[in-house]
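Just so we're aligned: the sequence shown equals residues 230 to 403 in this note's numbering. To start, the structure itself, in structure tokens.
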Amino acid sequence: MDPYLGEIRIFAGNYAPSGWAFCDGTILPVSQNSALYSIIGGLYGGNGTTTFALPNFQGSAPVHQGTGPGLTPRTVGEVGGETDVMLLETQIPNHTHSINAQLAPTQIEPTGAVWSSSATAFGQLIYSPLVDTPMSPLALSVTGSNNSHNNMQPFVAMNFIISLEGNYPPKPSN
């Protein structure tokens, strides 16, 4: 079966077969590819008059255009997503932090070792009633960092190719 002009396929080879090109964002002249340009236009780049770009799937997964229940809308040619993400505090689930303390509440010097106001405060609350009393930075262990994390699903890299030749796809009659 002959391909439609502009048809995209996944190809396991390391070359684009004759009449096909990689979906790698290559800029093409409209003058030499007017039929393909009439199908995809400037949706994927180029200047829209003398040049246009092929779709670029390098490092990206294709997503169908449109919307659905619980989904955000997508338009043809739209690009989105992030490879690395830094979570905000509002995106992190509830969790606990370890406290730094000694086991004995009768420790002579409680600074950085016991969560109490003095060596005789066994059984007391672990915080001070004074609003302006800062907690020692040694009281809690540090958790996390300011680094982003990789946000990539498991994948197998393959080539997407687009037909530069073939039957012109008929438009629906209705």
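Ideal placement from N, C-alpha and C gives every residue a C-beta, glycine not left out.
- Rounded to whole angstroms, the separation of the alpha carbons of residue 389 and residue 395 is 17 Å.
- With fewer than 16 other CB atoms across the displayed protein chains lying within 10 angstroms of its CB, residue 295 is exposed.
- When 400, 249, 378, 386 are compared, the shortest CA-CA separation from residue 289 is found for 386.
- Contact between the segment 273 to 292 and the segment 305 to 315 is established, with three or more Cβ pairs separated by less than 8 Å.
- Residue 273 counts as buried, since no fewer than 16 other beta carbons sit within 10 angstroms of its beta carbon.
- By alpha-carbon distance to residue 282, the top candidate from 244, 322, 252, 324 is 252.
- Leaving aside the five residues that flank residue 268 on each side, the residues in its chain whose CB is nearer than 6 Å to its CB run, in chain order, 235.
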